[in-house]
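Here the structure comes first, spelled out in C-alpha cells, and everything after it is commentary.
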Amino acid sequence: MNISISPLIALLFFPGGIFLLGSGLVYEYIDRKLVAQFQNRVGPRWFQPLADIIKLLAKEEITLAGVNPQLFVALPVVALAAALTAALYVPMFGFQAMFSFRGDLVVTLYLLSMMTLCSGLAGANSVDRFSIIGATRTLTQLFSYEAPFLLALLGPAIVAGTWQISDINTYAMSHTWLILTQPIGFIVAVIGLMGKLELPPFDAPEAETEIVSGALTEYSGRGLALFRIGKDVELVIGLTLVVAFYLGGLGNPLVFLLKTLVLRLVTAGLQSLFARLRIDQTVGMWWRIGALVALVQLLAVIIGLFIGKII
Amino acid sequence: MTQTTITAPSTWQTVFDQVKTWARINSPWAIHFNSGSCNGCDIEILATLTPRYDIERFGIKLQGSPRHADVLICTGPVTRQARDRLLRTYEQMPDPKFVIAVGSCAISGGVFHGSYNIMGGISEVIPVNVFIPGCPPRPEAIIYGVVQLLQALKK
Amino acid sequence: MEAKVSPQKFIVPIGPQHPALKEPGHFEFTVEGEIITGATVRLGYVHRGIEKSTEDRNWVQNLYLLERICGICSHIHATAYVLGVEALANVTAPPRAQAIRTLVCELERIHSHMLWLGVAAHEGGFDTLFMYSWRDRETVMDLLEGLSGNRVNYSVNVLGGVKIDVDEKQAATIRKGIDFLEGRTQYYMKVVTTDETFLGRTRNVGTMTYDQADALAAVGPTARASGIARDVRADAPYVAYPDFPIKVITERGGDLAARFVVRINELYESYRLVREILDKLPVGELTTRVPRRIPENEAISRVEAPRGELFYYLKSNGTEKPERIKVRTPSICNWATVMNFAIGLKLADMPMILAGIDPCFSCSDRAVIINRKSQSQEWSWEDLRQYGIKYYR
Amino acid sequence: MDITEAIQTAQDLLNLWTSGMSTPDLSRLDVVLAPKDLKPAVRILQKAHWGYLSAITGLDHPPLPASPDGKQPAKDGSLEMLYHFCEGAAILTLRVSAPYARPAIPSICDILPYATLYEREAIEMFGATFRGTPNTEHFVLPEDWPSGVYPLRKSFTGLNKPQKAN
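These protein sequences, in sequence, are chains A, B, C and D.
Counting in the numbering used here, the first sequence runs from 2 upward without gaps.
Counting in the numbering used here, the second sequence runs from 494 upward without gaps.
Counting in the numbering used here, the third sequence runs from 704 upward without gaps.
Counting in the numbering used here, the fourth sequence runs from 37 upward without gaps.
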C-alpha cells in the first residue's frame, strides 16, 4: 500500500520523525511490561517511557571536566540522526519505504551500527573508568555480532536476488515465508538483533552490577534522553527488518503490528530466560557458533538456488 | 536566568512547567547509597523491587550511576570513612535532586548513636527531604515515603 | 576512589558506592611479575565502633545494639550474645525457649540463603532468578513476621529466654509455608545445576581445594563446599541442637557451583529441622530470671551463622555494664581465607577468584593499578579480565 | 573426638607450660604464656593439626593506683591478647600479656598467615605491636584517624566530632 504524501511531512511526521519516536516509546513500554510479566512483576504504566524522556530532557546537563565538550554534546545527536535516517529505507508500518535504491540494505545496517559506534565513542570520550570499560565492551560486542547478523540478512537478499529492502519485502510477501525455507538464518537474525540492541544475555556493555552503567555512565539530561530514544528507534527498525525478511513481508499496518508484536514477545521471553554472558563468552559464542551457522545457511541457500537453476 | 521584569508567567510557561513536574513525578529514578548501614534497610529497599511490592509500577527504577538518578536513597549512620564519599555522590547528581533517609540510623544514628566513628544521621552531611523511620522500615513504608516526596513535588 | 600509589602496591579500590547492595571493601595486592605475593583487604566504611559502644551500655541495652550488627543475621548475633550472658551468670534458659530460639535460627538461615541465592544470581546478571527467589523469600519473611512482628531484626531473644510463643495455629502456617518453600527449592536446585549460562558463570570458578581451605581456617558454606565438615551446630551443639541433631552437608567441588549446591542442600536440612522442632516442641515457661549485675566472669559462645562460625567473647566485672565484648563475624574469616588463598596465584586468576569466593564481594567494577618495578599502569577490571584470557590462550 | 579427649590432647601438647593452665569450664582450657613462648606453642598446635585460630581478643588493663589501705600494690597498665583455638567443642585460649611500656608481642603471621587481619585490628584498636607482622595499615578505622589514639582502650572517651560539613 503506497500513499503519496509530500516528502517533508513524511520525513517529519508520519512514517518518519515524531511517529517513529512515538512507536519507539510504545515498543519500549511493551518490552518492559513483558519482561516484568515474565518475572511476574506488575511492570510500568503505559506512559512510563514518555515520562522518562521528558524528565530527562528537563534535567540539568553536566558536562565533564577533561572531556571534549563539542564531542560530548554532538555524539548523542549524531546517534539519533543515524537511527532516524536508517528508518527511511525500511518499510515502516507496512507502507512503502520512502526512499529506496539498489543496495540500501547495506546503508541501513551501516547506519544502525553507527548508533552503537556513537555510544562506544561517548564512553571512550570521558575520563571515568566505568565508561571507558563500557566503551571497550560495547565495541568488542559490536564487532562480534555484526558479521553473523549481516550474513543472516544476506540469505533472503540472495534468494530475492536484489539488495533493495522494499524489493525483498515484496518478494517475501509473494513467496512462502522465508522462516520456513531458512530457519537457521531466522534464529541467527533474532539473536543478532538482541545482540545489536544489547538486551540481556548480551547486556555486558551496561551491566549494572559490574560497571555501573557502561558507556553512558557520565551522561545525564539531554544527552542520555537522545541516546535512549535512539536505542528505541533502533529497536523498531531492527524488528521491522527481521519481520520484513523472514516473516513474509509487510503488507499493511495491521500485519506489521501483529508480526512485530509476536517477534517482540519472542525477544522479551529470551531476555528473561538467560543470565548475562561474560563479554569473552559472548564474543566466543558469536564467532564460533553465530558466524559458522550463518555461513552454513548461506551456502545452503546458494546451492539451493544453483540446483534450482539447473532443473 | 535573569528575570528582567516580573510578569505573570505566560500560559506557555505554565503549561511547560506542568508537563515538567508531571514528568518528574512519574519517573523518579533512584540510586542507593549505604553509608555504614547494617544492611537491614538495604535489603528492604531491594525488597521493594521484587514482585510483591514492585516500585516499577510508580516508575521508580534503581539506577547505577549518580548521573542518571534524581532521588538518592541513603541508609546508615554516616561513618567517618563514608562521609566524603556520600558528599561526592550527592554532588555528582544532576540538579533537581532529592534525598530520602531510610531507617532510624539514617535519621539520628539510631542505636549506634554516640559511637566515636559515626556522624549521626544523614542530615549531618547533606540536606534531606524525606525521613522514613523504622528499623528497618517495611517496604510499604519506604514506598509511602517516596510517594510523600512525589506529592511534595506536585505543590 | 582515590588511588594510593606506592611502590610494590597493586591497588584494587572497590568503590564504596555500589549499585546493588554490598558492603564496600578495598583490596590491595602486591605483585611480583605474575605471581601475587601479598594481598590484603581494608574495611572501614561500615565500622560503627560497636565494641566500644557495648562498654557504656548495660546488659539489656547491649542486646538491642548487637542485634543490629548485621541486618540479615540479627537473630544469630542476639542468640550468641544471650548464650554468652547466660553462661556468665550460669543460668540456662528453659527447654521451650531453647527450641523456639533454634526454630527462629533455622528460619533466619532459610531467609539468608534465599537472599544470597537471589543476590548471587543478580551479580551474574540472572535477574529472573533474583526476582523469583526474592518473591519466595517473602513467604519466610511472612512466617518470621507472624512469629515476631518484624520482618528483619525480629528481637525474639531476651536475657534468659524468649519473648514469643508458638501456638498451634502459627505452627500450622509455618508448616504450610515450609512445604511451599520446599517445592520451590527443588526448582532452584534444578536451575542451579542444569542451566547452561548459569553454570558457565559458576563452574570451577574460584576453586579452593580441601587442604587450602583447612590450612586457611575457612568457615561456613565456603569451607563445606571444599569438603571440610565444620559446622558449629554439629561440633559444639548450642541452644536446642543437642536434641535436634543436624547432618553436616559437604560438597567436593570447592568452586562457586559447589557453594550454590551446599547452600540449597542446607535449605532442605533447615526445612527438616523446622518441621521436627514444631512436632516435638517441649512444653514449659519461656524465661528465667537473670540478675541485673552479672558476677565477674569470662565466657565464650560460638554459633553457626548462615555465613559461618560466629565467635563471641564476653567479660563481665560484676557491674551492670560489660567489661569487654569481642565479636568476630564470619565474613572476616572468609576475607582472611581469601587474602591468603590468593598468595602464589597468578594475577590472571584474580577476577575469577574474587568473583567466585563470595559473590557479595564482587561489588562494583575494580580499577587495578599494577606496580611492576619499573612503571605503574592503570588497568581497568576489563583489561585485567582480558589479560587473564590472553594469558591463557 | 569429644570435648574431654580434645582438652586432654591439648594439655599433653602444651605440657611445657602446665604451670599456667586452668580450665574455667568443661569445654575451655586457658594457658597463660610469656610473649616469647607464644610462637613455639602455636607451632606445636599447628603441627598437631589441633583446631584452627578462631579469633584474637584484645583486653586492656588500665593502670591501677595503689589501693588506699595499701593491700594491693600499684599496678602499671598492660595489654592482654587472647588467642582462641577451636577444635570441635573444645576452646583453647593462649593468654599473652605485655605491659604498656613494651607492648611487643611476636606476630604469628608466619605460622598462620590468616592471622594478619586479627593482628591488624588489635594494632589499631589497642596500640599493641606485633613484632614482624606483615601489614600494619588501618583495618577498620578511617584514614583520617589521629595516630596514637586507640579507641578500645579504657582511657579513650571519644573524639570531638568534626564540625558539620556545610
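We put the CB at the ideal spot given by N, CA and C, even for glycine.
Determine the contact status of D/S143 and D/F166, defining contact as a CB-CB distance below 7 Å.
-> yes
Neighbourhood of D/G124 by C-beta, 8 Å cutoff - its chain only, sequence neighbours within 5 removed | M37, D38, I39, A42, G87
Counting only runs that start and end within the region 506 to 537 of chain B, where is the beta strand (DSSP E) found for 3 or more residues in a row?
-> 522 to 527
Helix, strand or coil: how does DSSP classify A/S120 here?
-> helix
Where the alpha helix (DSSP H) through B/C598 begins and ends | 597 to 601
Nonlocal neighbours in the same chain, by C-beta distance under 8 Å from D/T129, ignoring five residues either side | R64, L65, D66, V67, L118, Y119, H120, F121
Please list the residues of the region 75 to 100 of chain D that have a C-beta atom closer than 7 Å to any C-beta atom in chain C, keeping them in chain order.
-> Y88, L89, S90, A91, T93, L95
Same chain, Cβ closer than 7 Å to B/L646, neighbours up to 5 away in sequence not counted | T514, R517, I518
Got a sec: which bits of the region 630 to 646 of chain B sit with their beta carbon under 7 Å from any beta carbon on chain A, in order along the chain?
-> none
Nearest chain C C-beta to B/S608 closer than 7 Å, yes or no?
-> yes
Same chain, Cβ closer than 8 Å to B/L657, five either side skipped, listed in chain order = No answer is possible for residue 657 of chain B: it lies beyond the span of chain B, which begins at 494 and ends at 648.
Does DSSP put B/I635 in a helix, in a strand, or in coil?
-> helix
Does the Cβ of C/D958 have 16 or more other Cβ atoms within 10 Å, making it buried, or fewer, making it exposed?
-> buried
Measuring CA to CA, which of C/R1031, C/K950, C/R933 is closest to C/I779?
-> C/R1031
Sub-7 Å separation of A/I169 and A/Q298 beta-carbons = no
So what's A/V198 in DSSP terms, helix, strand or just coil?
-> For the record, residue 198 of chain A in the displayed sequence is Leu; it is not Val. Three-state DSSP puts A/L198 in coil, outside helix and strand.
Chain-ordered neighbours of C/G821 on chain A, where CB pairs are closer than 9 Å | Chain A residues near C/G821: none, gap ~12 Å exceeds 9 Å.
From the DSSP output, in three-state form, read off C/P1025 for me.
-> strand
Are the CB atoms of A/A276 and C/F963 nearer to each other than 7 Å?
-> no
Closest by CA to D/E116, which one among D/V78, D/C145, D/L69, D/I147?
-> D/L69
Using 10 angstroms around the beta-carbon of B/Q556, count the other beta-carbons present and answer buried if the total reaches 16, otherwise exposed.
-> buried
Where does the unbroken alpha helix (DSSP H) through A/F228 begin, and where does it stop?
-> 223 to 247
How is C/F833 classed by DSSP in three states: helix, strand or coil?
-> helix
Taking only beta-carbon atoms, is C/A920 less than 7 Å away from chain D?
-> yes
Got a sec? Which residues, its chain only, sit under 7 Å from C/A928 by beta carbon, not counting five neighbours each side?
-> E954, G956, G957, A961, R962, V965
Can you pull the chain B residues whose beta carbon is under 7 Å from the beta carbon of A/S221, in chain order?
-> R560, H561, P587
Reference B/L580, options B/P589, B/S597, B/C598, B/P559, closest by Cα | B/P559
Mark D/P182 as exposed unless 16 or more other C-beta atoms lie within 10 angstroms of its C-beta, in which case mark it buried.
-> exposed
The alpha helix (DSSP H) spanning A/I180 covers which residue range?
-> 179 to 182
For A/A80 versus A/G231, is the C-beta distance shorter than 7 Å?
-> yes
A/V284 to A/I311, Cα distance in whole Å?
-> 40 Å
How many whole angstroms separate the CB atoms of B/V592 and B/N622, which I take to be in contact at a CB cut-off of 8 Å?
-> 6 Å
Give me whichever residues DSSP pairs with C/R1005 in a beta bridge.
-> C/F1014
Classify B/V564 as helix, strand or coil using the three-state DSSP reduction.
-> strand
Is the CB-CB distance between C/A1039 and D/L153 below 7 Å?
-> yes
Residues of chain D with CB under 7 Å from C/A1039, in chain order?
-> Y150, L153
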